[in-house]
Structure formats: C-alpha cells, structure tokens
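Chains A and B are the protein sequences, given in the same order.
When we follow the working numbering, the leftmost residue of the first sequence carries the number 7, and every step to the right adds one.
When we follow the working numbering, the leftmost residue of the second sequence carries the number 1116, and every step to the right adds one.
Quick reminder that beta carbons are idealized off the backbone N, C-alpha and C, glycines included.
On a predicted model such as this, the values are computed, not experimentally measured, just so you know.
Worksheet for the structure shown next.
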Amino acid sequence: MRTGASPSVGSSEPIDVLVIGGGNAALCAAMTAREAGATVLVLEGAPREFRGGNSRHTRNLRYLHDSANAVLTGPYKEDEFWEDLLRVTGGKTNEDLARVTIRASNNVGAWMEQHGCKFQPSMRGTLHLSRTNAFFLGGGKALMNAYYLTAERLGVLIQYDADVRDLAIVDGHFVSATYETAGVARTVEARAVVVASGGFQANIDWLREYWGEAADNFIIRGTPFDKGRMLRVLLDNGAQSVGDPRQCHAVAIDARAPKFDGGIVTRLDCVSFGIVVNRDAVRFYDEGEDFWPKRYAIWGRLVAQQSDQIAYSIIDAKSIDLFMPSVFPPIEAQSIRELAEKLELDPDLLEKTVENFNAATRPGTFDAGELDDCVTEGLTPPKSHWARPLDSPPFYGYPLRPGITFTYLGVAVNERAQVILQDGTPAPNIFAAGEIMSGNILGQGYMAGFGMTIGTVFGRIAGKEAVHHVIDNLKGS
Amino acid sequence: MSSTILKEADRVMTICNACRYCEGFCAVFPAMELRRTFSDEDLKYLANLCHNCRDCYYACQYAPPHTFALNVPRTMAELRLETYREYSWPHAMKSFFQNNGLLVALITALSVVTVSLLTLLFQGHDVVFGTHTGAGAFYRVIPYAAMVVPFMALAIFVLISLWKGFATQWRTVGGTPQELKHWPAHRQAIWDVLRLKYLDGGGYGCNYPDDRFSMIRRYLHHAVFYGFMLCLASTTVAFGYDHLLHRPAPYPFWSWPVLLGTLGGLALLAGTGGLLYLKRQMDRDPAAPETLDMDMVFTVLLFLTSLTGLLLLCLRATPLMGTLLIVHIGFVLGLFISMPYGKFVHGFYRYGALVKNAIEQARENN
C-alpha cells in the first residue's frame, strides 16, 4: 500500500481500493479510504456534468443528534429514529443493520462539514423536517461538488464516463474490474472493491421483467446511469439478494416530465384537492385518503395499474393556489367538457364522472391543513377528505404517470458492509454501500433524507473496512 | 410586450419555483417563492435583485447539458441589461447599452483628446509642460471656470438621469411613492449594500471565478465600493476647502482631501485590478456574453481613473503634472458622461430591488 502521492490510472501496481459508482456513498467510501492511506480509484459511469448519481437530486440528510444545532431545531434520538423507520418500513428492516446506521449517523453532519458540505436552516416549505433533517445549501448537487473537490484534494483518482462492464470474482474474492471509457476497454486490479453504483431503476428492460410493457411508460425521476449492472453481476456471482425485486418507490408525477432526470420539479401535489381519473375518465382511488405526503408514494403504483399508465388530476379554481407550483403549467379550460377535449378524454364520460362526484359531496368545512370533514356519500371509490365539488372555472388538468425514484432489490451485507454470499459467508474484499444495499435497511417505504443516511454511514464503513482488509492482507503476505 | 429574454426568465423562474433548492443562497429565491406566476415586472425586479454570485448555477441539477438547461445567472444578467436600456433617461440613450464597451471607450478617448486639445489651445505648450507648485497650481493648467463649470453641469445632469432611471424602475416593478418612504426598508437595503450581503452565498461566498466558493469577489467589490466612496468624499471635502475656506488645491499629503483620495484610489486600484484579473480567469458558462464588454470597460475606466489620480499625486511637483492632470480629468470626464449609460447604474437598480425586497419580506413576516 502506498501512501502520499496518488497513483495514476493505468499504472501496473494494483489500486488498493476501487470504488464503483460516483454518488454520495461512493464518495464517502473513497474519501474515508484515502484518508486511511489507501490509493483509491473512483469509476463514475456518468460524465462530469452528471456525476453524483441520484444524490444530485437529493436535498437533505436525516441524522441522530442529542440537541439542537445551527441548522436543526431540536434533538432526534435513537428511539424516535428507530420508531420512524419501523413505521415506514412496516418492519421490513434488518434491525442490526438499521441500528448500526442510526447510531453511526450520530452527528454525522460534523464529518460532512469537514468534507466540504455546507448546511442551511430549513426555510418556508420544509419546516416539517427542520428538527430531523439537515439541508444541504444548494441541494445534493452542491454537496456532490463539495465531495468531489475534497476527494480530488485528498488524491482520490476519479475516472468519469467509466462504464463498468464486469467484475472478476474468484471464489467470492474480487480480483479486477473491466470498464469502458471513450470506447476503450480497460481492466483495473484492486485489493478491495466498494460497489456503490445504485439500484436498477433506470434499466427499463429489467423493470419490464416485473411490470411487462407497462414499464415502457414509466418515467425515471433520477439519473439514467443507474442500470443496475453491478447489482446483476454481484447477484450472478453468488451474492445474496435482499428486497422485493418487484418493488420500487413510485410516485405520480407530471406525465410531461423528461424520461430521465426530471428530479424534484416534476412532482405534483394537487391530487388530494381534486379528482383523479384514468384514460376512461373514471375515478379509481380515494384521492383524499390521507395527507398528500403520506399517500404520495402509493399513487405511482395506482397510475401504473391503469391502462396506458396514464391518469389525470383535475382541480378547479378553488384549489389552484393550494399546492407547490410545478414545472409544467396545468391544462386549463372554462368547462369540464372543454377540459376533457384538451386532455383527449371522452367529454360525456368525464362530465358524468364530475357530475356524480359533485352530487356526492357533502357540505363541510374545508381545511387543507387538517383531515377535514369534506367527504363524499354513496360514491365508489369515496373521497374521504377535501371533497369539494368541481364547479368553479377555470378547470385545470395535470396528466400523471408513474415516476420511479428507486428500486428495493439489493445485495445483502453485514455490519462491515461486506457483501454476503449465498452460503452465508461474507465476501472478504467486496463491500457495498448506498442504494445497492439500502434494501437491507429500508425494505419498503420511504423516509425523507434516509437514503443519504444509509449511503453516508455505509460508505464510510465500506471505505474503512476495505482499508482494514487491504492492511490485514498485506501484513499476512 | 414580452421579449425573448423575458420568456426565458419566466421559464427559468417557473422551474426554479418548483425546485427551490437554492433558497439559501440569496434573496432572489425567497422573493420568487412569494409568487406562483411571474409578470414581466416581477422578472425585471428579480433580475436586479440577483447579484450574480453564480452559486445557483453550479448547484443546479438542471443546468446545461440537462434538457431544462437552466442558467439563472446568465438569464438574469441578460434581463438586467434589458432593464438598463428600458430605464435609461433620456430614453433615446438606450442604444448606448449596445456596444457599450466600444462606446464608453470612445467617449473616454474623446474626452481625453478634447481636454488635451483645449488646454493646449488655450493655455499653450509652456503651461502644459511647465512645473507648477503652490496653491492653485492645477488651475494654472486648467483654469477654475473650465474645470468647475462643465463638471457641475455634468454632475447635475448625471444625478437627474440616475434619478429618472431609478424612478422608472421603481414604477416598473410596481413600487408606489409611499413605499419609497418606507424607511425601515431603506435601512435594511443600505445594510445589505454596505455588507454586500448577497455576494456571501449563504455564508460561503460566490462560485467565482470557478465552481469553488470564495469570498474574494465580495472583498474586491468592497474595495471598489468603499474606494469610490472615499474618492467621492475626498472630492467633496476638496470642493468645500476651495469654495468655503478658499483654499484651492493642491493640498499637502497630510490633508483630508489627499488622504481620503489616496486611500480611495489605492482601494479602487486594488479592487478593480483584482476584479479584472478574476474576470479573465472566470468560467464563462454562467456569464452573459452580452454584458462582458460593459462590465470590462467600466472596471478598466475606474482602474485608469484611480491610476492617473494617484500618479498625479506622486508627480504633481514635476513637469509631468500638466499632462497627468489633463489625462486624469479626461478619464473622470469619460466616467461621468458614461455613468448613467453603463455598468455604474447597476448599483442604483440593485438598491431599488433590495428596497422592494425588504418591503416584501417585512410584509410577509408580519
């Protein structure tokens, strides 16, 4: 193991720690390993402009802290953190690994700041997270910029546009990785590897295995580079899997969003204020079941189950200012009939649906901030809250499609971030961090800023343990 | 009438308003969040509220080559330039903002040549190249009336022009005369200006000249601002000495006009020099190419004005004094003439935007 000067790509000496991936987990692993004295090469699949995986779309990180600090308004302790996790996952979590994550996240904000992260206090729209989640000034891309800068300063080698094709794994032992960059295939040997290359949500063919042709109509909210190739390679080489391969975090987003990388701005928060109909102009689910943030994540699946994977949220003038503005303007019309024509729905059917809905609404006191008493009666499916007749022109329509945030399938790991093989033994020099292993801890559901927690904690563990492995091995030889 | 750049600004702000990740950097994003849609007037206000720190460009997940291709600092700079044209008085002068670099350079060159020729013509070779010391030495090269009368006239014109521009902006962004008397807002805005609050990027500075955070630009701009203010103070004190105490220039080194002027001149020299150096280094992607020559010529003119002023101080007892005085007065003349029609106006419109922002935010927080 050489310390001090950093090596160059293509030198004959093997790298100590090879990091595959270029998001939060990958960089946390790379910086940690480099600080421990290892030579580190990061293979990032994206070009420099799109580096950072899905981390570039994130905004905050949830971490354990005993007391308020400059950006967090109060304490967030282990019991509460654990209960929050238990609730969102419905128990689908490995408690040992979950507690490792929670405990190791204690005051991790300080470590992040030492590595260039800049935090800001929560502002207007995000106050509900102001106690538990620390916000990155400028968001996740700014965080990634800071981490890349720090990694470069530390002497971590970074290769962009590096499409890793395969790993040479012999008896559960990593030997080398083959990657392509600018059309040239290269093989790099390393003493340990940290795989932090995300899930497979950008791989439509893979999604099609579970969703059939419906997958063609999915929109991928994040990076187009998360094709899951490393996940596939690890599973094919005998890594144990965790997480339901069929499951993904899917929300209903604006159907006009770009196929990939639309990020935060394509979300629509208007669903609970109106009705949602499918291509046949028929309602299919209770739009007012609960507060939107709590029901946000079921609507992706609901829309995916409709024909052509399309639906339309329809509101009227009473509701247009009640939710966060979104990137595309609503489709606007003076009557339901006109709106149906603009949305290419059957005008008669939509008018009937709206008439039935309006007739079923009961007078109540509308309150967007409460589970109010505006309900429908005798309607199937019902609308349990915020049910007000659609009677005030102009009427607005937003087309919806399923937007995939991430997939849950991953590789099993132990507390040292080592990948677990089919026989239950850990692969000695193969480590995993970030989305590729978060299914161990977040088996289902979603918790704001927790993916970044897992990535940071397990990135650091993987980086540290990879160096331990290299040192132990060199001592032994 | 919505111009191309206004449409682009509207598109950009609409996307930003659905994201809001940058709200911690400056005043633009919190001001944007008070709106759902953006009128032309809103956009012009936001453009002048933007201090061009460029932090949002590097933090932007939608910056080019993303399909959305958001470039907030560049869009805002282009729109600012359009507002400079629109607010200019007399309005016919708006075309001065096209090819501004060339025009300001020509005006300045013409000023220097005119002062030179007039002085040579009326005062003669011997006076210009002679040595003059003692009270009233400068006036022996350029007579009192020739120095004071044109500059007084010009100063009055410049002040009227700047005020007219400011008033037009205030009206355009929907401000009322009553609101202009909102003193707490002025207090807030002045405090924002004096600290250059919004070049601090939420506490870490600008991404300038590259994608790293740095306070260097803020400090250099401070040097320019306070240097300019010191020079203004120096001139004002000297005017008082001359007209109230009947003590005409030149003054000894240990006198208020010279001390203030020297300190201000040095600060201006360092500030403008540093800013010009950084501008050569800067990443051009978030910059508006249309405003580059305007920015450069103004900074160069300030640099040369302070340089000739300081040289004049150092060499005023030598035969070079006459030449340096002519060149310095020429540069000052060029600076004065181009004040309402160049980069100088940014301070006034930004101040107007900061006052409006202070009013808006105070209203929102009540």
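How about residue i: is its C-beta nearer than 9 Å to some C-beta of chain A?
| i | result |
| --- | --- |
| residue 1138 of chain B | yes |
| residue 1476 of chain B | no |
| residue 1315 of chain B | no |
| residue 1418 of chain B | no |
| residue 1254 of chain B | no |
| residue 1414 of chain B | no |
| residue 1145 of chain B | yes |
| residue 1469 of chain B | no |
| residue 1323 of chain B | no |
| residue 1181 of chain B | yes |
| residue 1116 of chain B | Residue confidence is low: residue 1116 of chain B scores 45 on pLDDT, short of 50, so the model does not pin down where it sits. Its coordinate-derived value is still stated next. No, residue 1116 of chain B does not count as interfacial toward chain A. |
| residue 1123 of chain B | no |
| residue 1134 of chain B | yes |
Looking only at DSSP bridge pairs, what is residue i linked to?
| i | result |
| --- | --- |
| residue 1321 of chain B | B/1329 |
| residue 187 of chain A | A/190 |
| residue 260 of chain A | A/406 |
| residue 180 of chain A | A/175 |
| residue 438 of chain A | A/201 |
| residue 66 of chain A | A/141 |
| residue 432 of chain A | A/426 |
| residue 49 of chain A | A/26, A/165 |
| residue 401 of chain A | A/322, A/339 |
Comparing C-alpha positions only, which one of the options sits nearest to residue i?
| i | options | result |
| --- | --- | --- |
| residue 1416 of chain B | B/1441, B/1453, B/1425, B/1206 | B/1453 |
| residue 172 of chain A | A/49, A/352, A/138 | A/49 |
| residue 1353 of chain B | B/1340, B/1336, B/1254, B/1371 | B/1371 |
| residue 132 of chain A | A/323, A/65, A/237, A/113 | A/65 |
| residue 1324 of chain B | B/1270, B/1474, B/1169 | B/1169 |
| residue 1158 of chain B | B/1198, B/1264, B/1139, B/1141 | B/1198 |
| residue 250 of chain A | A/123, A/312, A/98 | A/98 |
| residue 38 of chain A | A/56, A/320, A/118, A/58 | A/118 |
| residue 433 of chain A | A/146, A/200, A/301 | A/200 |
| residue 85 of chain A | A/79, A/77, A/72 | A/72 |
| residue 42 of chain A | A/160, A/279, A/151 | A/160 |
| residue 1245 of chain B | B/1461, B/1463, B/1431, B/1459 | B/1431 |
| residue 122 of chain A | A/198, A/147, A/134, A/441 | A/147 |
So residue i and residue j are supposed to be a Cβ contact under 8 Å. How far apart are they, rounded?
| i | j | result |
| --- | --- | --- |
| residue 1196 of chain B | residue 1406 of chain B | 5 Å |
| residue 1413 of chain B | residue 1457 of chain B | 5 Å |
| residue 306 of chain A | residue 258 of chain A | 6 Å |
| residue 105 of chain A | residue 70 of chain A | Contact flag wrong, Cβ pair sits at about 11 Å. |
| residue 94 of chain A | residue 455 of chain A | Not really, about 12 Å apart at Cβ, beyond 8 Å. |
| residue 445 of chain A | residue 204 of chain A | Not a contact, Cβ separation roughly 12 Å. |
| residue 351 of chain A | residue 287 of chain A | 5 Å |
| residue 295 of chain A | residue 301 of chain A | 6 Å |
| residue 180 of chain A | residue 436 of chain A | 5 Å |
| residue 1224 of chain B | residue 1470 of chain B | Between residue 1470 of chain B and residue 1224 of chain B the Cβ distance is about 37 Å, and since that is not below 8 Å, they are no contact. |
| residue 1349 of chain B | residue 1376 of chain B | 4 Å |
| residue 23 of chain A | residue 476 of chain A | 7 Å |
Kindly say whether residue i, judged by its beta-carbon, lies nearer than 9 Å to any beta-carbon of chain B.
| i | result |
| --- | --- |
| residue 207 of chain A | no |
| residue 183 of chain A | no |
| residue 324 of chain A | no |
| residue 75 of chain A | no |
| residue 12 of chain A | Because the pLDDT of residue 12 of chain A is 46, which lies under 50, any placement of that residue in the model is unreliable, and the question is left without a value. |
| residue 270 of chain A | yes |
| residue 67 of chain A | no |
| residue 332 of chain A | yes |
| residue 56 of chain A | yes |
| residue 126 of chain A | yes |
| residue 151 of chain A | yes |
| residue 427 of chain A | no |
I'd like to confirm something about residue i: is its beta-carbon nearer than 8 Å to some heavy atom of the ligand FAD, or not?
| i | result |
| --- | --- |
| residue 235 of chain A | In terms of ligand content, the structure shown is empty, and the ligand FAD therefore cannot be addressed. |
Decide yes or no for the touch test of the stretch 1126-1137 of chain B against the stretch 1183-1199 of chain B: beta carbon pairs closer than 8 Å, at least 3 of them.
-> Contact holds between the stretch 1126-1137 of chain B and the stretch 1183-1199 of chain B, because three or more Cβ pairs, one in each stretch, are under 8 Å apart.
Can we say the stretch 453-473 of chain A touches the stretch 415-433 of chain A, given the rule of at least three CB pairs closer than 8 Å?
-> yes
Taking one C-beta from the stretch 331-342 of chain A and one from the stretch 392-410 of chain A each time, how about it: are there three or more such pairs within less than 8 Å?
-> yes
Check whether the stretch 320-333 of chain A touches the stretch 267-277 of chain A, taking contact to mean three or more Cβ pairs, one atom from each stretch, closer than 8 Å.
-> yes
Segment contact, 8 Å Cβ cut-off, at least three pairs: the stretch 1338-1347 of chain B with the stretch 1162-1182 of chain B = no
For the 8 Å Cβ check, are there 3 or more pairs between the stretch 1143-1151 of chain B and the stretch 1268-1286 of chain B?
-> no
For the 8 Å Cβ check, are there 3 or more pairs between the stretch 181-191 of chain A and the stretch 409-420 of chain A?
-> no
Could you say if the stretch 219-237 of chain A and the stretch 388-396 of chain A meet the contact criterion of at least three C-beta pairs nearer than 8 Å?
-> no
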